[in-house]
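Trainee: Numbering (our numbering), first residue to last: 187 to 558. C-beta atoms are modelled at their ideal positions from N, C-alpha and C, and glycine is treated no differently. These numbers were taken from a predicted model, which means no experiment stands behind them.
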Ligand code: GDP
Ligand code: MG
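Written out as structure tokens, the structure is:
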């Protein structure tokens, strides 16, 4: 019976959506949604700079160098508490689905579908999960079995798209960081600078978001906290020139890593993409092969919209990896599953807070353990 339900549902779905639709987007079209969505935070950005940024835990401490690549204690706890709203949907609410029932039926599947979509797992991925469950429905007699199957399937999905993180072979290794305004580019650069620096790498940051003086100030604070050099020009200067100078300084100072911050708030999407393309071209002219990574920052709280942003930036620039920020406190933690399932781009890092050690490499098993 459950399988029949699924077939009916799938048929309905195919009628409604073109078969190649990868983005489970429910809001706006990719053309209009990208730049504006996170602007709300722009005005308050200056005050945010004033916020205290804690010192990096390992910076300049040779004793902790070896341990630097390991996760700081408490990260799993923070991940787990950050995902609590999503976990409620996937655990408590699933328990409730079974109230007074001992079997999976069409109504239960329908409600489960709703729960998964609420957590931002995405329509297509949800359909796939429901199909797996409906195939096994005769074996499932309670919520724990259902959760186990979900857990297993989600882990499979996350692992299938995992790629080993990019090895740093060339020196300097250039990472260009992109994304719309407010997603956490500058913060992520600060966190990455601290990670690299505490594992013994010499880092240079290029402040190529020259759109406002406050953006340069904010990055300077992060560079100080992480104990790394920053190359900056005046407000409104040419971002590509800053990127060029950053790379030049890195070569001259024998640095290992260059992190290039970029703007996300230009007035039209076309301008932003053209500016980013110019930065990319300039970097590769100065050093063939650079930028070695183009790291796209996505904000978990924007849900499915993050997927459209990824398509947009990937089409224009070719994204090599994603860092997903603000997983703390969102009920949309399922977006991780969407990103891994719908995009061909590896999820490299996740951010669970504003502090310097709140960014870690993405680990599917750890993530699923925090979720269920
Ligand atoms: P940018 O415009 O892309 O450079 O974004 P910012 O780095 O300035 O970050 C915008 C806001 O998001 C700041 O208030 C950050 O503290 C906050 N932020 C960044 N990453 C995280 C995160 O993982 N969790 C939370 N809760 N806030 C974050
Ligand atoms: Mg910024």
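#1: Is the beta carbon of residue 511 within less than 6 Å of some heavy atom of ligand 3?
#2: Among 446, 510 and 272, which one has its Cα closest to the Cα of residue 361?
#3: For ligand 1, I want to know if residue 489 counts as a neighbour, meaning its beta carbon is within less than 6 Å of at least one of the ligand's heavy atoms.
#4: Figure out for me which residue from 391, 534, 437 and 427 has the closest Cα to the Cα of residue 468.
#5: Sorry if obvious, but does the Cβ on residue 401 come closer than 6 Å to a heavy atom of ligand 2?
#6: Tell me the DSSP secondary structure of residue 367 in three-state form.
#7: Taking contact to mean at least 3 C-beta pairs separated by less than 8 Å, is the segment 408-425 in contact with the segment 370-386?
#8: Would you say the beta carbon of residue 514 is closer than 6 Å to some non-hydrogen atom of ligand 1?
#9: Please report how far the alpha carbon of residue 558 lies from the alpha carbon of residue 336, in whole angstroms.
#10: Figure out for me which residue from 339, 403, 434 and 384 has the closest Cα to the Cα of residue 357.
#11: Between residue 489 and chain C, is the shortest Cβ-Cβ distance under 7 Å, so that the two count as touching?
#12: Between the alpha carbons of residue 368 and residue 321, how many angstroms are there, rounded?
#13: Buried or exposed: residue 374, going by 16 or more other Cβ atoms within 10 Å of its Cβ?
#14: Judging by CA-CA distance, which residue of 552, 520 and 463 is the nearest neighbour of residue 512?
#15: Going by C-alpha distance, which of 552, 522, 330 and 529 is nearest residue 303?
#16: By the DSSP assignment, the beta strand (DSSP E) with residue 424 in it spans what residues?
#17: Which one or two residues does DSSP pair with residue 510 in a beta bridge?
#18: Going by C-alpha distance, which of 316, 396 and 344 is nearest residue 552?
#19: Once the 5 residues before and after residue 555 are set aside, which same chain residues still bring their CB inside 6 Å of it?
#20: Candidates 485, 395 and 509: which alpha carbon is nearest residue 479's?
#21: Nearest-angstrom Cα distance between residue 376 and residue 283?
#22: Compute every distance between the C-beta of residue 418 and the non-hydrogen atoms of ligand 2, then say whether any falls below 6 Å.
#23: Compute the Euclidean distance between the alpha carbons of residue 227 and residue 384, then round it to the nearest angstrom.
#24: Verify whether the separation of the beta carbon atoms of residue 571 and residue 529 is less than 7 Å.
#25: With a threshold of 6 Å, establish whether the CB of residue 263 neighbours any heavy atom of ligand 1.
#26: May I ask you to report which of helix, strand or coil DSSP gives residue 321?
#27: Among 306, 296 and 308, which has the Cα closest to the Cα of residue 319?
#28: Just the C-alpha distance for residue 269 and residue 276, rounded to the nearest angstrom, thanks.
#29: Among all the DSSP beta bridges, which residues are the ones paired with residue 313?
#30: Apply the 10 Å Cβ neighbour rule to residue 278 and answer buried if 16 or more other Cβ atoms are within range, or exposed otherwise.
#31: If distances are taken between C-alpha atoms only, which option among 501, 331, 395 and 493 comes closest to residue 180?
#32: Within the present structure, is the beta-carbon of residue 448 separated from the nearest heavy atom of ligand 2 by less than 6 Å?
Mentor: So, from the listed chains and residues:
#1: With respect to ligand 3, the structure shown offers nothing to examine, as its ligands consist of ligand 1 and ligand 2.
#2: Counting from 1 along the chain shown, the entry for residue 361 is found at position 175. Of the listed residues, the one whose Cα sits closest to residue 361 is 446.
#3: Stepping through the chain shown from its first residue, residue 489 is reached at position 303. For ligand 1, not one heavy atom lies less than 6 Å from the Cβ of residue 489.
#4: If you number the chain shown from 1, residue 468 lands on position 282. Comparing Cα positions, the closest option is 427.
#5: As a position in the chain shown, residue 401 is number 215, starting the count at 1. Yes.
#6: On the chain shown, position 181 is the one that residue 367 refers to. Reduced to three states, the DSSP call for residue 367 is coil.
#7: yes
#8: What you label residue 514 is simply residue 328 of the chain shown in a count that begins at 1. Flag set: Cβ of residue 514 near ligand 1.
#9: Stepping through the chain shown from its first residue, residue 558 is reached at position 372. Stepping through the chain shown from its first residue, residue 336 is reached at position 150. Distance between the alpha carbons of residue 558 and residue 336 is about 9 Å.
#10: On the chain shown, position 171 is the one that residue 357 refers to. When each option's Cα is compared against that of residue 357, the closest is 434.
#11: Protein chains in the displayed structure number just one, and chain C is not present.
#12: Within the chain shown, residue 368 is the residue found at index 182, counting from 1. Within the chain shown, residue 321 is the residue found at index 135, counting from 1. Straight-line Cα distance between these residues: approximately 42 Å.
#13: Reading the chain shown from its first residue, position 188 is the one you call residue 374. Buried: at least 16 other Cβ atoms inside 10 Å.
#14: Looking up residue 512 in the chain shown gives position 326. With distances taken between Cα atoms, residue 512 lies closest to 520.
#15: Within the chain shown, the letter at position 117 stands for residue 303. Closest option to residue 303, Cα to Cα, is 522.
#16: The residue given as residue 424 occupies position 238 in the chain shown. Element bounds for residue 424: n/a, residue is neither H nor E.
#17: Residue 510 sits at position 324 when you count from the first residue of the chain shown. For residue 510, which the question treats as bridged, DSSP gives the partners 484 and 536.
#18: What you label residue 552 is simply residue 366 of the chain shown in a count that begins at 1. Answer by Cα proximity: 344.
#19: One-based indexing of the chain shown puts residue 555 at position 369. Once the five neighbours on either side are set aside, residue 555 has no close Cβ partner at all.
#20: Within the chain shown, residue 479 is the residue found at index 293, counting from 1. Closest by alpha carbon: 509.
#21: Within the chain shown, the letter at position 190 stands for residue 376. Within the chain shown, the letter at position 97 stands for residue 283. Near 43 Å, if we compare the C-alpha coordinates of residue 283 and residue 376.
#22: Translated into positions along the chain shown, residue 418 becomes position 232. Result no, Cβ not under 6 Å from ligand 2.
#23: Numbered from its first residue, the chain shown carries residue 227 at position 41. Numbered from its first residue, the chain shown carries residue 384 at position 198. With a pLDDT of 39 at residue 227, under the threshold of 50, the modelled position of this residue cannot be trusted; read the value that follows with caution. Residue 227 and residue 384: Cα-Cα distance of roughly 30 Å.
#24: Since the displayed the chain opens at 187 and closes at 558, residue 571 lies outside it and no answer follows.
#25: Position 77 of the chain shown, counted from the start, is the residue given in the question as residue 263. Answer for residue 263: no, Cβ out of range of ligand 1.
#26: The sequence position of residue 321 within the chain shown is 135, counting from 1. Three-state DSSP puts residue 321 in a helix.
#27: The residue given as residue 319 occupies position 133 in the chain shown. When only C-alpha atoms are compared, the closest one is 296.
#28: Your numbering for residue 269 matches position 83 in the chain shown. Your numbering for residue 276 matches position 90 in the chain shown. Distance between the alpha carbons of residue 269 and residue 276: 11 Å.
#29: Counted from its first residue, the chain shown places residue 313 at position 127. Residue 313 pairs with nothing; no bridge assigned.
#30: Position 92 of the chain shown, counted from the first residue, corresponds to residue 278. Under this definition residue 278 is an exposed residue.
#31: The chain is shown only over 187 to 558; residue 180 falls outside these bounds and no answer can be derived.
#32: Taking the first residue of the chain shown as position 1, residue 448 is located at position 262. It does not: the Cβ of residue 448 is nowhere closer than 6 Å to a heavy atom of ligand 2.
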